[in-house]
Each structure stands twice: as C-alpha cells, then as structure tokens.
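Before any comments, here is the structure.
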Amino acid sequence: GAVVSQHPSWVICKSGTSVKIECRSLDFQATTMFWYRQFPKQSLMLMATSNEGSKATYEQGVEKDKFLINHASLTLSTLTVTSAHPEDSSFYICSATPDSHPYGYTFGSGTRLTVV
Amino acid sequence: DQQVKQNSPSLSVQEGRISILNCDYTNSMFDYFLWYKKYPAEGPTFLISISSIKDKNEDGRFTVFLNKSAKHLSLHIVPSQPGDSAVYFCAATPRGANSKLTFGKGITLSVRP
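Sequence order for the protein chains is A and B. Its first residue numbered 1, the first sequence is counted upward by one per residue in this note's numbering. Its first residue numbered 1001, the second sequence is counted upward by one per residue in this note's numbering.
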C-alpha cells in the first residue's frame, strides 16, 4: 500500500528559529500533498495544498510567509515554520494522494513541534 | 462553518457489541466520504470509504452507510474489539482528483473488555 513518511516525528526549537518538516511519498508519485495542523483534542485543520512545481494554495487565515511550503519533486514536500513562536506549537501532519488513485489520501505519522 | 459534523464526542461500548459512529455533512458538493482511525501523536489511518453513488460499503468488521438525502453517514463496527479504541474521524471531499479533505471533530471510541 501507499506509504507517506514524515520527518522528524518530533522537534523542539527556540523562539525565533525556523523548523523544516519533510513529507515523502515512498512508493508513489504525488502531484498534490496536503499539510494539516491539529491542536489537542481537536480536528485536523487543513493549512495548505502543496502542488508540485507551483505555488501552494493556503487556507484562509494561514500566513503563507510564516508557513513556507516547497514541493520541488513528485515525492517530496516540505513545510518550514519560520520565526517560530510558542503559539506555533502543534501537531503537524502531511497527506498525499497517489496520482494513480486520487481518493487514496494517505497520511504521514505527524510531527510534534514544541517551541520554547 | 463546520461542514462535517460529528456531534457525539465520545462513545463507549462493550466488547463484542456493535459500535455506531455517526457523521453529518452540510456541503452538497461532497462526493466521497472516508473514515479514519487515529491514535494520539500519530497520523490518521484509513479505514473505509464510500462514494456518493453507493449507500453501503463493507470491509470485514467495518461497514459504512450513506444517506444522501439526509446528508448522513455512519460507521458500524461489528463486533467491537478493545483494539478499536481510538479517535475516529469522518472526512469528506468533493468530486475531482486531489480535492481537499474536510474533517469532522472526531469521536473517541472506547471498547470495554
């Protein structure tokens, strides 16, 4: 089955620094990947849709300059949290759908970001 | 505006009995529906899905029912097992490749031994 690898699984960083999270589709190509954020005991909120070779599409209220998304290849999308602050602490999850199976949404294992 | 609603935050059932998890949606453009199981600090795991052209889909112990006129779907787990204890998310997407998923708030299922 389709596998999505997300790295790192957890990270602690200081306020003001930037953190990069990687999302890889291991055995399929994904033109489109999605980035979600989940606060404790809440739903998964879509942050942005990452499109290979073009700019990401951000959801309303998500700062594109703070959450930089790069989708440079058909198997890799990265989310960079720039100038992180404690309120950015959250659980970030990526998702990818195989180009051959557009409803096959597969999720990574998530990244726990803690900003101190 | 919450387009996918899971109004019951939790459900507790006895092992061996049926678990029924409900989900309602408001967006008529939703065309495909999915259920995910999730543990804390992990990504969601796909369980079962259903297209709007069907009213039922079954996979082992899991069955999803869709009532389009009521904009309602439900996930049935029979028989329930303690390992089923987790948070279950309902998600929906409109027609079209790589359309974004909209999630409900999730239901915490506890299966008592």
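All residues carry an ideal CB built from backbone N, CA and C; glycine is no exception.
Grab the span of the beta strand (DSSP E) containing Phe39 of chain A for me, first residue to last.
Run containing Phe39 of chain A: none; DSSP gives neither H nor E here.
Is the Cβ of Ala1092 of chain B closer than 8 Å to any Cβ of chain A?
no
What residue does the beta strand (DSSP E) around Arg1112 of chain B start on, and which one ends it?
1107–1112
Output the boundary residues of the beta strand (DSSP E) element that contains Leu79 of chain A.
76–81
Tell me where the beta strand (DSSP E) around Ile93 of chain A begins and ends.
90–96
Is there a C-beta anywhere in chain B that falls below 8 Å from the one on Leu46 of chain A?
yes
So is Ser50 of chain A in contact with chain B if we call contact Cβ pairs under 8 Å?
no
Around the Cβ of Pro1113 of chain B, are there at least 16 other Cβ atoms within 10 angstroms (buried) or fewer (exposed)?
exposed
Where do the ends of the beta strand (DSSP E) carrying Thr1026 of chain B lie?
No beta strand (DSSP E) contains Thr1026 of chain B, which DSSP labels as neither H nor E.
For Pro1094 of chain B, name the three-state secondary structure that DSSP assigns.
strand
Does any CB atom of chain E fall closer than 8 Å to the CB of Gln42 of chain A?
Protein chains in the displayed structure are A and B, and chain E is not among them.
Excluding the 5 residues preceding and the 5 following Leu68 of chain A in the sequence, name in chain order all residues of the same chain whose CB lies nearer than 7 Å to its CB.
Thr80, Thr82
Between Val1013 of chain B and Val1111 of chain B, which are expected to be in contact by the criterion C-beta below 8 Å, what is the C-beta distance as a whole number of angstroms?
6 Å
Considering only C-alpha positions, which residue in the set B:Glu1042, B:Gly1060, B:Trp1035 is nearest to Ala1021 of chain B?
Per the sequence shown, residue 1021 of chain B should be read as Leu rather than Ala. The candidate whose alpha carbon is nearest that of Leu1021 of chain B is B:Trp1035.
Quick check on Glu1058 of chain B: does DSSP put it in helix, strand or coil?
strand
Which residues does DSSP list as the beta-bridge partners of Thr49 of chain A?
A:Phe34, A:Thr57
Below 8 Å between beta carbons: does that hold for Leu76 of chain A and Arg37 of chain A?
no
Just verifying my parser: in three-state terms, what is the DSSP assignment at Glu87 of chain A?
helix
Counted within 10 angstroms of its Cβ, other Cβ atoms place Lys1038 of chain B as buried (16 or more) or exposed
buried
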